[in-house]
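Input: a single structure, listed below in structure tokens.
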Amino acid sequence: MAQGKYSRVDGKKSSCSAATIVVIVGVCLVGVWMFMSSSAAPGQSQNQTLPRVTESNQKASTKVSSQFEDNSGDLSTDDSVKDEVNQENTQENTTEAETNTVDESKSNSEDTTSTPDSNDSENSNSESKESENSSGNENSNSGENENSNSSENENSNSDTNENEKTEEKVEEKQTEESSSDNKTEDLTAATQSEILKETTVQNGAFSTQADESASEKKSQKPSSNSNGYNWKTCNSTAGPDYIPCLDNYEAIRHLHGRSHYEHRERHCPAESPTCLVPLPEGYKKTLKWPRSREQIWYSNVPHTKLAAVKGHQNWVKVDGEYLTFPGGGTQFKNGALHYIDFIQNSHPDIAWGKRTRVILDVGCGVASFGGYLFERDVVAMSFAPKDEHEAQVQFALERGIPAISAVMGTIRLPFPSKIFDVVHCARCRVPWHIEGGKLLLELNRVLRPGGYFVWSATPVYQNKPEDVEIWEAMSKLTKAMCWELVVVNNDKLNEVGAAIYRKPTSNECYESRQQNDPPLCESKDDPDAIWNVQLQACIHKVPVDESVRGAKWPEMWPQRLESPPSWLKSSDVGVYGKPAPEDFTADYEHWKRIVSKSYLKGLGIDWSSVRNVMDMRSIYGGFAAALKDLKIWVMNVVPLDSPDTLPLIYERGLFGIYHNWCESFSTYPRSYDLLHADHLFSDVKKRCKLQGLMAEVDRILRPEGKLIVRDNVETITEIENMAKSMNWNVRMSYNKDNEGMLCVEKTLWRPTEVEILPYATE
1258 MAQGKYSRVD GKKSSCSAAT IVVIVGVCLV GVWMFMSSSA APGQSQNQTL
1308 PRVTESNQKA STKVSSQFED NSGDLSTDDS VKDEVNQENT QENTTEAETN
1358 TVDESKSNSE DTTSTPDSND SENSNSESKE SENSSGNENS NSGENENSNS
1408 SENENSNSDT NENEKTEEKV EEKQTEESSS DNKTEDLTAA TQSEILKETT
1458 VQNGAFSTQA DESASEKKSQ KPSSNSNGYN WKTCNSTAGP DYIPCLDNYE
1508 AIRHLHGRSH YEHRERHCPA ESPTCLVPLP EGYKKTLKWP RSREQIWYSN
1558 VPHTKLAAVK GHQNWVKVDG EYLTFPGGGT QFKNGALHYI DFIQNSHPDI
1608 AWGKRTRVIL DVGCGVASFG GYLFERDVVA MSFAPKDEHE AQVQFALERG
1658 IPAISAVMGT IRLPFPSKIF DVVHCARCRV PWHIEGGKLL LELNRVLRPG
1708 GYFVWSATPV YQNKPEDVEI WEAMSKLTKA MCWELVVVNN DKLNEVGAAI
1758 YRKPTSNECY ESRQQNDPPL CESKDDPDAI WNVQLQACIH KVPVDESVRG
1808 AKWPEMWPQR LESPPSWLKS SDVGVYGKPA PEDFTADYEH WKRIVSKSYL
1858 KGLGIDWSSV RNVMDMRSIY GGFAAALKDL KIWVMNVVPL DSPDTLPLIY
1908 ERGLFGIYHN WCESFSTYPR SYDLLHADHL FSDVKKRCKL QGLMAEVDRI
1958 LRPEGKLIVR DNVETITEIE NMAKSMNWNV RMSYNKDNEG MLCVEKTLWR
2008 PTEVEILPYA TE
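Residue numbers (our numbering): 1258 to 2019.
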């Protein structure tokens, strides 16, 4: 079996082979000299291939944050180096370990599998002290080699070596007692072969979003192979809030008009910036969920305009060093949960968390509605433009609520058709009725047949002339679209109302209309093509054949998560080469195994501090599905040139978005706690600069956030080198048979040299 290679955060102490304290001083000196000159770790013979410990890992062994002092999660295989146990456990087991000293030399010559102690995190302070003592002892050893006449150093090293032997014996005993259930990701030859096979992606029966969207821009030029990285800090008008594709003022200045919010749409620079976005002054580690839903650090999002404008409406308030979110809003002053229950009571068939699982929240504000829907097992894709209200989407993300910066303007939303169970709009001032209902027809495109549109705006419950006029126009438009007005209800407590419409499940109404207005879309119009595709004021027919996606409602949640959709045909080839339903199931099992055996245990990640997660190259959503029991949410990103599986991801009750990773993502800096990239970087570097993508990763990842990369060894090495050049901590680096895995942690480091971005300066 091929030898695996690891880079680990903890430095491993070595020891002389002394059987007892009472030994001849000269023999001990020879042993010490052998230790200092030997590269073999304890428990390995010198002719073995050794785990690769990176320079940054060696530094991190003494300067690691508390959540990474728990070594119980280190990835282990038959070829791994054994973890050292903490000093406290060593002292408690010294006597028992000494009785087994005779067997030690034999066990040290054999390959062993290490299962670290799951209680290491409780003794992190002891481990830190032990690391310091180890460093001191190594210095003492060095001095002893220079001066063999120092009896004090000799005695000190003799004691140290005996203690180290004792620690190894305790560790071996714990290894033997560890159950197989506690093993981390199994990376045997068989499993590795499976991983290699399943990461060899083909399109199968799936087209790509790039093929579907005729207006997609040409790929950018390939990157150079330069190994030198000269990072600079971005200097732009937006400062710490810089979003490259939304803050391109040069492009905005050349727009012919702004009446359709063209200036809020994406206008990406010709080449992705390679500078690093600065941190706001006084930035602090984000508060954990669910506390973050109620309050965040003011220093992380130092904007007060929204609090001043909307404070009386219970959106957000400034409270000392915090920004607080009372849980209300313009439409639900007495709390979002009351409002959520009001909607279901108005129409019980909505059935939050059962029939309704994935919703689109238009004009979300600070996204309190989506934030409290988690308690009803519902996930909301919330969006709002980056506008004069200052950072409403940034507030949402800092709180731990899914959100993107987007606007309904001139192009389609970055979602496939027929995917959202409910579309919600609370007091949003979108002019749905103008220009042939173009914007409302876009919502019709993404709404699942039989799904609901919940509209709780002033025209529903107020009688002002303007509101009455809008209500009449909306009534005419929705009737022409064949939407059924299910109910109009008023919430007396909040003094608001909601109108609930239902999209048809057949084409009978469309065909029986006296006027074809809005018109039906042409048959050649692909409703799933979205990338830079202009909005059309037309209606797409709904599918009626149950073998076609959208003709049948998905299974109830959570059953829909694990079951292949009924429209996924066995005659279709899946992404990994199996029949599509089998491919779906195999992918889910694959990621459940990796997440449970490796990610949750083997990377030293404190998952209680993880809330916002992105899968940068999602296929079936298996990675996100495997994390369903954690208090997190996952943004599943389907790249334009990947198989178009995003509709399937929504079908199983998850959400995501299309994206071109040669451009920046439509989110604020410091949005995500963890990014996951499975064979993404090797694909992207064929089309654009890898350094630009790493700068984007740095932009959207929070300090102390983690990046997990699975890719070929060449790409893993590039990413690791770039991460080191940005002073990131390398948590784990593994490679075998030209496939590798890397886990790195972003730090607070920012370059001192500045790069001015003229196109991003007003």
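Cβ atoms here follow ideal geometry from the backbone N, Cα and C, with glycine treated the same way.
Locate the alpha helix (DSSP H) running through residue i, then write down its first and last residues.
i	result
Pro1722	Pro1722 to Ala1737
Gly1627	Ser1625 to Leu1630
Asp1678	Per DSSP, Asp1678 belongs to no alpha helix (DSSP H); it is in the beta strand (DSSP E), Phe1677 to Ala1683.
Asp1840	Ala1837 to Ile1851
Arg1633	Run containing Arg1633: none; DSSP gives neither H nor E here.
Ala1794	Ala1794 -> no alpha helix (DSSP H), and no H or E assigned at all.
Tell me the rounded alpha-carbon separation between residue i and residue j.
i	j	result
Asn1992	Asn1969	8 Å
Asp1829	Trp1609	33 Å
Leu1857	Lys1545	18 Å
Ser2007	Asn1492	The displayed chain sequence assigns Arg, not Ser, to residue 2007. C-alpha separation (whole angstroms): 12 Å.
Gly1859	Trp1848	14 Å
Tyr1648	Cys1739	Before going further, note that residue 1648 is Ala rather than Tyr in the sequence given. Going from the Cα of Ala1648 to the Cα of Cys1739 covers about 37 Å.
Val1895	Gly1878	10 Å
Ser1769	Phe1652	47 Å
Thr1494	Glu1507	12 Å
Asp1955	Leu1533	7 Å
Lys1562	Val1744	36 Å
Ala1763	Asn1487	Per the sequence shown, the amino acid found at residue 1763 is Ser instead of Ala. When rounded, the distance between both Cα atoms is 58 Å.
Arg2028	Ile1676	Outside the modelled stretch of the chain, which goes from 1258 to 2019, sits residue 2028, for which no answer is possible.
Trp1572	Gln1552	12 Å
Pro1811	Cys1621	26 Å
Pro1822	Leu1911	13 Å
Arg1550	Pro1900	35 Å
Thr1417	Asp1863	Residue placement at Thr1417 is poorly supported in this model, since its pLDDT is 43, which falls under 50; the coordinates still yield a value, given next. Looking at the two C-alpha atoms, the distance is approximately 32 Å.
Asp1748	Asp1785	37 Å
Val1725	Met1979	59 Å
Thr2018	Val1679	39 Å
In this structure, how does DSSP classify residue i when only helix, strand and coil are distinguished?
i	result
Ile2013	strand
Ile2043	As shown, the chain starts at 1258 and ends at 2019. That puts residue 2043 outside it, with no answer to give.
Pro1535	coil
Gln1816	helix
Glu1779	coil
Gly1610	coil
Phe1463	coil
Trp2006	coil
Ser1603	helix
Val1558	coil
Ser1549	helix
Tyr1596	helix
Pro1784	coil
Phe1652	helix
Tyr1540	coil
Ser1827	coil
Leu1670	coil
Glu1741	strand
Ala1565	helix
Can the beta-carbon of residue i be found closer than 8 Å to that of residue j?
i	j	result
Tyr1518	Gly1666	yes
Arg1656	Gly1628	yes
His1690	Leu1742	no
Ile1509	Lys1643	no
Glu1961	Phe1922	no
Ala1881	Ser1875	yes
Arg1614	Val1636	yes
Gly1708	Lys1760	yes
Tyr1925	Leu1698	no
Looking at the unbroken beta strand (DSSP E) that takes in residue i, where does it start and where does it end?
i	result
Arg1705	Leu1704 to Ser1713
Arg1759	Val1753 to Arg1759
Ser1769	From DSSP, Ser1769 is part of no beta strand (DSSP E) but of the alpha helix (DSSP H) over Glu1765 to Ser1769.
Ile1616	Val1615 to Val1619
Tyr1506	Here Tyr1506 belongs to no beta strand (DSSP E); instead the alpha helix (DSSP H) covers Tyr1506 to Arg1510.
Tyr1579	Tyr1579 to Thr1581
Lys1574	Lys1574 to Asp1576
Thr1762	From DSSP, Thr1762 is part of no beta strand (DSSP E); its letter is neither H nor E.
Ile1658	Where Ile1658 is concerned, there is no enclosing beta strand (DSSP E), given that its DSSP letter is neither H nor E.
Residue ranges of each alpha helix (DSSP H) within the stretch 1862-1949, 4 or longer: Whole alpha helix (DSSP H) segments, 4+ residues: 1879-1883, 1903-1908 and 1938-1941.
Entirely enclosed beta strand (DSSP E) segments - the stretch 1942-2004, minimum 3 residues: Within the stretch 1942-2004, the complete beta strand (DSSP E) runs of at least 3 residues are 1958-1969, 1986-1993 and 1996-2002.
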